[in-house]
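Take any residue in the sequence shown, count from 1 to its spot, add 10: that is its number in our numbering. For each residue, glycine too, the CB sits at the ideal point set by N, CA and C.
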Amino acid sequence: MHAAIVRPLAMKTKTVILAILLAAFGTCAAQEQTETPQEHDARMQWWREARFGMFIHWGIYSVPAGTWNGEQVKGIGEWIMNKRKIPVAEYARFAGQFNPVKFNADEWVRIARDAGQKYIIITAKHHDGFAMFGTKASRYNICDATPFRRDPLKELAEACRKQGIKLGFYYSQAQDWHHPGGAVKGGTHWDKAQDGNFDEYLDKIAAPQVREILSNYGNVAVLWFDTPSDVMTKERAEKLLPSLKLQPHIITNNRLGGGFKGDTETPEQKIPSSGFPGRDWETCMTINDTWGYKSYDTNFKSTEKLLRNLIDIASKGGNYLLNVGPTAEGVIPEPEAERLKEMGAWLKINGEAIYGTSASPFGKQLAWGRCTQKGGRLYLHVFDWPANGELPVPILNQNVKAWLLTNSGEKLKCVVGKDKAVLQLPATAPDTIASVVVLDPGGPVQLAPISIPRQAQGGIILLTAADAEVVGSTAQLEGGGEPNIGHWTNAKDFVRWDVEVLKPGDFDVSMIYAADASSAGSEFTVVTGDQVLSGKIQDTTNGETYLSFKLGKLRIQQAGKVTVTMKVISKPGRSVMNLRVLILKPSDGDET
Ligand code: H79
């Protein structure tokens with residue numbers, strides 16, 4: 011409830027009360043008006059336990075499947091109409107060619123269920139304006155405008171009910187490139203047929219269709235809005251809210267617009283580096299590089315990548331909404347189904363470490379993998395199995411018990427030191443993607459204090475990736491051999507170390523990193539006090555090796571705690587670098 015109340019003191023008391031009420035009702039989604047925090051938790055419970063859902067982008071864009079006039083159109087497939095400014099009538103012809111006779115709702119739901127996904131969100135209407143359900147608001151829908159004539163949402167609702175999977179709908183409430191008055195995000199109409207009044211579009215198309223999808227398909231678990239663009243004011247968004255009352259338990263995302271926060275944050279195509287403390291959140295992501303089917307997009311992420319994404323997300327307290335893009339025949343492409351099946355096989359064994367868990371207590375400290383927790387236990391998801399068998403865990407609990415999730419009979423040896431516990435793992439990993447160790451701390455987790463690096467006797471200061479505090483939305487600690495800071499695609503992210511300096515003076519600074527063409531040319535600074543060094547990232551044989559580079563001299567004036575910060579000045583490519591360590595070596599040369 012952050013709506014500004016304008017000068018309440020200048021108003022009469024009645025007006026003030028009215029203003030407060032309006033503000034309270036105006037900024038909240040339907041349920042938030044009345045619900046207590048307990049009721050909110052109860053409404054969110056199934057979603058928080060679910061952790062993994064299936065996104066389905068299905069529409070008549072699967073007919074061109076990424077190709078227009080013989081040209082393969084770059085970018086996300088469901089945007090093809092906009093990208094090529096296809097006239098409305100011409101695009102609408104795809105409806106006549108859309109006859110997905112192989113569509114089988116039971117099979118789709120079975121694929122989701124076997125993948126370990128607990129809910130499905132399907133596009134009821136995307137930006138192209140074509141309704142994938144029987145609507146009375148427009149003839150431009152699957153029942154009236156295609157030879158198929160069936161309502162897949164009805165069939166999916168029934169299949170989900172039978173198989174115990176929750177169903178939710180995606181609905182593009184502002185963008186609509188077909189109906190007069192619909193919005194075009196970041197652009198303008200390209201066909202006279204699109205011209206019209208947005209408010210009329212809202213009243214005649216969006217609001218009635220939202221009411222239909224919340225009325226005609228039984229329980230709707232989620233309403234997933236998208237791209238409010240700049241047209242979705244508070245007053246306009248409010249026209250869609252009354253329908254939400256038809257589904258008192260529905261969960262909405264944060265994309266309605268008009269200042270409505272909804273229930274969930276929705277990072278798209280990325281995993282935030284530390285989640286959204288205090289907010290529910292869900293990363294939506296494609297398996298390849300498109301949401302809607304493109305016949306030639308074969309850039310599928312590996313099962314390893316997808317599973318580690320799921321684990322990473324769970325370790326930060328979020329959900330993974332993983333997309334499939336069915337074909338115009340109604341088939342989930344085999345490479346997608348295959349990866350989902352493999353994820354399901356892992357979850358069948360290790361699901362206890364994902365479902366119903368909450369975020370790791372360790373922040374970004376674990377270089378070897380990720381952690382989730384549930385019922386007082388920690389689940390250690392080991393990505394990089396230690397060659398020496400020693401797994402460091404930054405806790406101080408004295409009575410730790412630990413075992414492999416797949417072998418609870420055999421307890422692992424655990425040595426609790428003064429700054430961490432070390433588990434002795436068997437020689438080989440039970441799983442090549444992620445092996446789960448269950449750790450019972452025997453009481454509340456006692457976190458080891460984050461140790462700050464200390465200047466060594468010889469005067470050298472090592473600022474390692476593992477010791478760094480990573481601030482921002484993308485950069486994070488990665489394992490795989492010696493830890494590094496990678497995934498650094500946002501130039502606003504930065505890295506900071508506190509270090510205990512014993513002997514101040516002048517230092518020669520060098521750093522070890524890996525970079526490929528997507529990082530080369532990035533410029534950064536290293537700052538401590540009033541001292542600044544800068545440098546430019548070079549390609550290290552296509553990122554295949556870590557190399558050491560000299561940066562120059564820095565003076566540290568005083569002993570005690572000193573902060574060193576590394577920031578990005580410019581980033582011409584996709585990412586900044588993979589940073590292993592910053593080395594400060596005393597310039598006077600008396601180090602040993
Ligand atoms: O439904 C999926 C996307 O179609 C939708 N959200 C997910 C869940 C989405 N709409 N907009 N965006 C995502 C942002 C991406 C916009 C882009 Fe473009 C489309 C980039 C390139 C094509 C718009 C048009 C911005 C530049 C050209």
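Looking at the strands, I want to know which residues DSSP matches up with residue i.
i	result
Met576	Val505, Val536
Val511	Gly570
Thr145	Paired residue(s): none; Thr145 is not in a bridge.
Lys546	Glu533
Asn151	Ala141
Lys421	Trp413
Gln82	Thr77
Glu346	Note: Glu346 sits in no beta bridge, so no partner.
Counting only the same chain and skipping the five closest in sequence on each side, list residues whose C-beta sits under 6 angstroms from that of residue i.
i	result
Glu203	Reading the sequence as shown, one finds Ala at residue 203 and not Glu. Closer than 6 angstroms at Cβ, skipping near neighbours: Val98.
Ser370	Ser325, Cys381
Lys546	Glu533
Arg221	Ser253
Ile522	Tyr556, Ser558, Arg590, Val591
Ala75	Tyr303, Lys304, Ser305
Asp201	Pro97, Val98
Can the beta-carbon of residue i be found less than 9 angstroms from the beta-carbon of residue j?
i	j	result
Thr573	Trp507	yes
Gly328	Pro287	no
Arg584	Ala524	no
Leu543	Leu557	no
Thr474	Val536	no
Ile70	Phe108	yes
Gly373	Asn409	no
Asn417	Pro440	yes
Gly191	Tyr211	yes
Ile130	Gly174	no
Trp629	Ile443	In the structure as shown, the chain starts at 11 and stops at 602, and residue 629 therefore has no counterpart that could be examined.
Ser580	Asp518	no
Leu487	Ala501	no
Ser283	Val480	yes
Leu376	Gly496	no
Val586	Ser520	no
Val511	Ala569	yes
Trp118	Ile342	yes
Thr296	Asn319	no
Gly379	Gln434	no
Gly340	Ile215	no
Gly87	Gln127	no
Does DSSP put residue i in a helix, a strand or coil?
i	result
Thr178	Reading off the sequence shown, one finds Gly at residue 178, where the question assumed Thr. The answer is strand: DSSP assigns Gly178 an E or B state.
Ala363	helix
Ala190	Looking at the sequence provided, one finds Pro at residue 190 rather than Ala. Correct three-state label for Pro190: coil.
Pro596	strand
Asp138	coil
Gln7	The chain is shown from 11 up to 602; residue 7 falls before or after that span and cannot be answered.
Phe208	helix
Ile223	helix
Pro157	coil
Asn92	helix
Met353	helix
Gln48	helix
Ser585	coil
Trp68	coil
Phe104	helix
Ala338	coil
Leu435	coil
Thr484	coil
Lys428	coil
Arg53	helix
Val73	coil
Arg318	helix
Trp378	coil
Considering only residues of the same chain and omitting the five flanking positions on each side of residue i, which have a CB-CB separation below 8 angstroms?
i	result
Lys164	Phe143, Gly144, Asn226, Tyr227
Thr438	Trp395
Leu28	Bear in mind that a pLDDT of 42 at Leu28, under 50, signals an unreliable position, so the number given afterwards is only what the model happens to contain. Same-chain partners within the cutoff: there are none.
Trp413	Gly419, Glu420, Lys421, Leu422, Val447, Val448
Leu31	Reliability of the predicted coordinates at Leu31 is poor, the pLDDT of 42 falling under 50, and the value obtained from them is presented with this limitation in mind. Cβ neighbours of Leu31 beyond the five flanking positions: none.
Asn552	Asp526, Ala527
Ile470	Ile593, Leu594, Lys595, Pro596, Glu601
Ordered along the chain, which non-local residues of its own chain (more than five positions away) have a Cβ less than 7 angstroms from that of residue i?
i	result
Thr274	Ile261, Asn263, Asn264, Asp290, Trp291, Glu292
Glu352	Thr313
Gly267	Ala184, Pro238, Met242, Ala247
Gly182	At residue 182 the sequence reads Ser, which differs from the Gly that was named. Excluding positions up to five away in sequence, the list reads Lys135, His136, His137, Asp236, Thr237.
Residue i: beta carbon under 8 angstroms from a heavy atom of the ligand HEM?
i	result
His67	You won't find the ligand HEM in this model; what it holds is the ligand H79.
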